[in-house]
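Colleague:
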Amino acid sequence: MIRVDKDFALNMFSISGKVAIVTGATGALGGAVAKAYGYQGAKVVMTARNLAKLKELEQEFKAEGIDCAIFAADPAVTEDVIKLVDFAVATYGEVNILAVCHGYNNPKSILEQSVEDWQKIMDADLKSVYIVCKAVAEQMVRQNKGGKIVVTSSARSKMGMKNYTGYCASKGGCDLMIQSMACDLAPHHINVNTINPTVFRSDLTEWMFDPESAVYQNFLKRLPIGRLGEVQDFIGLATFLASPASDFLTGGNYDATGGYWSN
Ligand SMILES: NC(=O)c1ccc[n+]([C@@H]2O[C@H](COP(=O)([O-])OP(=O)(O)OC[C@H]3O[C@@H](n4cnc5c(N)ncnc54)[C@H](OP(=O)(O)O)[C@@H]3O)[C@@H](O)[C@H]2O)c1
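Counting along the sequence shown from 1, when you hit position 245 you're at 245 in the working numbering, and nothing is skipped either side.
#1: Is the beta carbon of Pro197 within less than 7 Å of some heavy atom of ligand 1?
#2: On the CB-based measure, 16 or more other CB atoms within 10 Å of its CB, does Ser180 come out buried or exposed?
#3: Check Ile121 in the structure and name its three-state DSSP category.
#4: Which residues in the same chain have their Cβ closer than 8 Å to the Cβ of Phe234, if we skip the five residues on either side of it in sequence?
#5: What is the DSSP secondary structure of Leu51, counted as helix, strand or coil?
#6: Under a three-way DSSP split, which group does Asn218 fall into?
#7: Please find out if some non-hydrogen atom of ligand 1 comes closer than 7 Å to the beta-carbon of Asn263.
#8: Is it buried or exposed, Arg142, if we count other Cβ atoms within 10 angstroms and call 16 or more buried?
#9: Can you tell me where the beta strand (DSSP E) with Lys6 in it begins and where it stops?
#10: Any idea what DSSP makes of Tyr104, helix, strand or coil?
#11: To test your reading of the DSSP string, which unbroken alpha helix (DSSP H) runs of 4 or more residues are found completely within the stretch 123-181?
#12: Strictly by DSSP, which residues pair up with Asn196?
#13: With H, G and I counted as helix, E and B as strand and the rest as coil, what does DSSP make of Val95?
#14: So for Ile82, helix, strand or coil by DSSP?
#15: With Lys18 and Ile66 assumed to form a contact (beta carbons below 8 Å), what rounded beta-carbon distance in angstroms separates them?
#16: To the nearest angstrom, how far is the alpha carbon of Val151 from that of Ile178?
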């Protein structure tokens, strides 16, 4: 007898009815993840620092029938994040999924960058991830029903780059922090994984999508799949890592690069 549960096989990608907090929801990847989760029937609490942008998103999503709520918070400020988790629980009763999709970079040579500029990147891309994951994990442990934490890291966590002493260090730290966190949280049935993208279309990366640009041409030499990422390419992995299909996976760094490391 092959031991595959039919009900599990048929529903393993479902996140319907789950409560998800999505950070960086006003950004390209966070917005896509929030909408994709919402389309799939999750209740989505969207957060970022800019309340006006959150309100626009809420209007757009609700017009499409997505069950969502918004809460403005800085993910690097513990008090903000605790209020965010309390808001999610007050609104929807619990938190089952955390998708961390916020981030920041200000590329500069170490010779031109101030320590304060470097620290700002570390706070936005590493300290904030710790704070958000900690607050949500504590809530998930209180609920005693397990949970899924999906953190957007970067392919740059695995390799340095000119002007990226802050970004690469924060993302490399993020990957290792998530592996350690996975060990702490596994006894509570909380899975923690990262997605590690190369270039996906956003306001900041739009210029790289010009087929005439040297950056685009150089990237394509490394990408067997033959194109850069669109936000829709991101939502499958973000859903998989939030769903029962990934119950056996934790502490992993999952490539979302179009084959960048193969070439
Ligand atoms: N797009 C790519 O090609 C790519 C590639 C590799 C990795 N990533 C990673 O994916 C994540 C999302 O990227 P994205 O392309 O969606 O970015 P994006 O479109 O620029 O959005 C960034 C999001 O993060 C928030 N944010 C900006 N600065 C912040 C700060 N200092 N502290 C806290 N939050 C801040 C923004 O909202 P508020 O300003 O309102 O808070 C926004 O919601 C980031 O971690 C990024 O490093 C992206």
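The beta carbon of each residue, even a glycine, is placed where N, CA and C say it ideally should be. Predicted model, so just to flag it, every value in this text is computed and none were measured.
Modeller: Per the coordinate set shown:
#1: yes
#2: exposed
#3: helix
#4: Leu29, Ala32, Val33, Ile195, Pro197, Phe200, Ala256
#5: helix
#6: helix
#7: no
#8: Under this definition Arg142 is an exposed residue.
#9: It is not in any beta strand (DSSP E) - Lys6 instead sits in the alpha helix (DSSP H) that spans 6-11.
#10: coil
#11: 128-143
#12: Asp255
#13: coil
#14: helix
#15: Actually they are not in contact, since the Cβ atoms of Lys18 and Ile66 sit about 13 Å apart, beyond 8 Å.
#16: 8 Å
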